[in-house]
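See below for the structure under consideration.
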Amino acid sequence: MWLQPVLPAFSQLLYARLFFDHPEMRRLFHNTDMSQLQRMFMASIHACVNSIDGLQFPDLQALADHHATLGVRSEHYDALGAALLWTLEQALGPNWNSDVRDAWAAFYGNIAGFVRGLEASRHDREPPPDSETA
């Protein structure tokens with residue numbers, strides 16, 4: 006894996022940066038085992054990277070459904086993306102440049118856009134709150 010040697014530190018730094026920049030997001034994780042979340046996030050990124058040529062992403066529908074139950078909003082994906090890019094810059098050091106940044110920004114943006122689309126389609130399928138009483 007591309008970040009295997011620094012994986013635990015990488016994922017810890019990622020979430021530390023996210024909460025530093027966006028302390029209000031900490032509430033989304035109040036009942037979360039952060040060690041497990043960090044492993045799951047990195048495993049998801051790894052799976053997406055490994056499947057990029059075949060465009061077969063892991064089960065992002067389940068992720069979108071789970072995020073909806075937690076109250077994740079569209080802007081949260083932007084915050085996580087910014088934290089991811091910052092953390093990659095720290096991890097890659099002198100190997101970080103504008104091409105690497107642009108590639109990672111596009112990669113994460115595509116995944117986040119896909120999940121946002123799944124969440125939007127989920128909301129479109131749900132009946133309005135008061136439709137049962139009408």
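Heads up: the sequence shown begins at 6 in our numbering, then just goes up one per residue.
For each residue, glycine too, the CB sits at the ideal point set by N, CA and C.
Which of helix, strand or coil DSSP assigns to residue i
i	result
W101	coil
G122	helix
C92	For clarity, residue 92 is Thr in the given sequence; the question names Cys instead. Helix.
H35	coil
H27	coil
R44	helix
R78	coil
Same chain, Cβ closer than 7 Å to residue i, five either side skipped, listed in chain order
i	result
R121	S79 and Y82
H27	A84
Y20	M39 and Q43
L123	L65, Q66 and A69
A88	L19, R22, L23 and D26
N-terminal and C-terminal residue of the alpha helix (DSSP H) that residue i is part of
i	result
T74	L65 to L75
Proximal residues to residue i (C-beta, below 6 Å), its chain only, five neighbours per side dropped
i	result
D91	First, the residue type needs correcting, since residue 91 is Trp and not Asp in the sequence shown. For W91, where only same-chain residues beyond five positions count, the Cβ hits under 6 Å are R22.
Q17	none
R31	F24
Cβ shell of residue i (< 8 Å), same chain only, five flanking positions each side left out
i	result
L33	L75, G76, V77 and H81
N100	none
G147	Any question about residue 147 goes unanswered here, given that the chain covers just 6 to 139.
A108	none
>> If contact is defined by three or more beta carbon pairs under 8 Å, each pair taking one atom from either stretch, is the stretch 89 to 96 in contact with the stretch 31 to 40?
In response: Taking one beta carbon from each stretch, the stretch 31 to 40 and the stretch 89 to 96 have fewer than 3 pairs nearer than 8 Å; the two do not touch.
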